[in-house]
Structure formats: structure tokens, C-alpha cells
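Quick note on the working numbering: the sequence shown kicks off at 5 and runs consecutively.
Report on the following structure.
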Amino acid sequence: MHPDTFSGQLRDPALVSPDQSHSFVAATLELSTQGICAKPEGHPPRLLAWSGMRMRKNDGGALEFYQGGLTVSSSDPDILRVVESLAGNDLGNDISRVHGDTVSGPWRTRLGCVAFVAFCIWALVKIPACFSAVTDGVADSVPYSADETIGELADKSMPTNGTEITDPLVRGAIEVMLNRIAPYRCLPDAEFKFKVVRNPTINAFALPGGYITVFSGLIEKATSPEQVAGVLAHEIAHVTKRHGINRIVKAAGTATVLAVTVGDMGGLQDAAMQVLTAVTMNGYGRSDESEADQEGVRMLIAARIDPEGLAAFFETLEEEQDGEIPVWMSTHPKPGGRAQAVRDQVFELSSTPDWEPLDIDWEAVIERLDQV
Ligand SMILES: [Zn+2]
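Right, dumping it as C-alpha cells:
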């Protein structure tokens, strides 16, 4: 073999049929100044460019390289030396981390001390800021029952944006997704109610208290149930992170929101409806949207639903030309950045992908949407 050629494996969600899309296939890996060219037998080669690539050692001790939804791995110990010579700049941090794995005995302890001191300095600087962030928002000062009261009212009084689809096959598909994701929510009190609405816009939104609306346009645009489940996880995260009530508290004040818990909606109704109408049109703003992406991906991984669905859906939206971009995307100028952020998070959190496909006949769901 050429010195810069190694045997390894490739994982490409587009390579094989959906039910096998998470398994690796054998491939020859050729390293050059461009990146890693993976040549799977019987398939066209794929190039993973150094730029934007991530690297780590997996549980089995093999090195994994990840870029743009593709993963290659090799257990050849010589590959690291070649990677260092070709991609020292792009992969510097990951290379140091991989070397860190092999640091032994006293050094490891010393590194631990350094990390602890660094943490203390970070805590001294950051923790006062954390406290003020908590008091800025609603956090624990308003009970979750307020979210439910306001959400229920908003759900009843806001326009539905289309006729509700009650077909059991369509609703059943969303239910399967919710049942898989909800057990991993960070707020056990939260329960979810959803409706599917006939509307061509690619959109879904969540109101406080767990009231979720999914537009038929979103379902029709998705090529797999994992894509819709990714969006649902994002919406669930808005509920469990209480983004809606936070905004209402900022607009109307804690005392007015607390009055809701004793049955007084008087001072709040208009403010709450204004905030929530804006949210369904424009999303929750950049920082809440990012937090919902991250919390959504955390739940997907815990539920063993492949977050690649969410990443791929962000990319689909980027290609969307006809202006039917979901409103919550509009707070992010670059959906491609969100796709990459999802993939980076999966890479960080999930050492060995072990996804369990959603038990949904997606073609049948899409077909039924045409008929009802
Ligand atoms: Zn959102």
C-alpha cells in the first residue's frame, strides 16, 4: 500500500438503504493535502476535506474522522502520524486531545489539577453571571402550572392557520415520535398535546405548557420520520426550557404572570397573546433557538433517534427556493451552520452511533396526507 493509504471504514447515511444507513462499510482511505478520500468497494469515492473536520478516538481505540455527515474510521496506528503531517493546523485541538488519552500516571493527575484550577478560575468569573442570568429570566419563580394555563388559553384563542387533520395514521406517526422523545425531557412535569394542521408552510411551533402545532407542509417536505422527529425534539425543548414563559415575564413582569396561578388572567392576556403570536411567526430568537437545537439533539441521542435527520432537514431548508422557509429559521441567517452544529454535538456526545429507526411507514403517511 502507498504510505498514505490505510484500510478503514466509511459511514455515509446516503450510501445504503435507510435501514442500514448507520452501519460502516469497508473502504480504502487515501490521505492527501486535500483531506481523506474514502473509497468504498463498489461505490464512488467520497472526499472528507480537512477543513471543518473533527477527529477522535472511539471506544474501540480506532481513530474516527468526521466531516459533513460522513464518518471514516481506521484502527491503523500509523494513520495519526500522517494526519499530523497533513492536517496539523485544521485538527490541532483534536490531535492534542487524542494524545492526551495516552498521557500516563502522574501527568494525568497533574493535568487533572490544572483542569481543576482552571475550573475554579472559570467559576469565579462566570458564576455571578449565571445567577444574574437566572434572575433575568423566569427560572423557578413562576410554577409550571402558569405555562399550562397560558398555553391552553393561547392554544384555544389563537388562529389555527388551517383545518386540523385528525386522520389516525397521520396523528399516529407524530405520536410514535413524541412517545420516543418525551421520556427524555428535562422537565418531568411537562406533558404534550399536539395538532396537525393543513397548511403548506414548512413550520411547527410550541406554546408554553406543551401545546405543539405541526403544519402539513413540514411533514410533506420531510423525507424520513427522523427529520420530523428532529423538529419535534426542538419544539419540545422550547417547552421544557420554558422559553415562552420567559418572554412573557420579560414583557409583563413576574407579578402579573404569578397572578395567573390564582386564576387572574386579567392583566396578562393581551401581553401573553402578543408575545406568543410573535413567537409563532418569528421563532424565539437566536439564543433560545440555539438552546432548543442543543436540548433537542440531546433528547434525540438519548432516545436513539438519529439527529442526522434534523441536520439534513436544515440543509433541505437551505436549498428551499420558493420562500416557504419556516419562520423559526429566519432568526438564523445560515441554516447550514445549524446543521453543522447538530453534527458536531452528535460527534461530541455519542461515541458509537446505535440508532433505532422510528417504527413508522413514512410513505404511507405522506400518501394519506394527500387523501385527507
Ligand atoms: Zn424554535
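In this text, a Cβ means the ideal position worked out from N, Cα and C, and glycines have one as well.
Check                                                                                                           : Outcome
Beta-carbon gap between Ala-177 and Trp-366 smaller than 9 Å                                                    : yes
Member of Tyr-148, Met-162, Thr-217 whose CA lies at the smallest distance from the CA of Leu-182               : Thr-217
Glu-293 CB to nearest heavy atom of ligand 1 below 8 Å                                                          : yes
Closer than 8 Å: His-450 CB and nearest ligand 1 heavy atom                                                     : A query on residue 450 cannot be resolved here, the shown segment of the chain reaching from 5 to 376 and no further.
DSSP bridge partner residues for Arg-60 (one or two, in chain order)                                            : Glu-68
His-247 classed as buried or exposed, judged by whether at least 16 other C-beta atoms fall within 10 angstroms : buried
Simplified DSSP assignment, three categories, for Lys-197                                                       : strand
Delimiting residues of the beta strand (DSSP E) encompassing Glu-34                                             : 29-35
Run of the beta strand (DSSP E) containing Lys-43, from where it starts to where it stops                       : 39-44
Option nearest Thr-281 by Cα separation, candidates Leu-157, Leu-35, Leu-67, His-47                             : Leu-157
Neighbour-count burial assignment, Gln-278, 16 or more Cβ in a 10 Å radius                                      : exposed
Residue burial classification, Glu-195 (beta-carbon count within 10 angstroms, cutoff 16)                       : exposed
Buried or exposed (CB count within 10 angstroms, at least 16 for buried), Ala-368                               : exposed
DSSP state of Thr-75 mapped onto helix, strand, coil                                                            : strand
Beta-carbon gap between Phe-198 and Val-86 smaller than 9 Å                                                     : no
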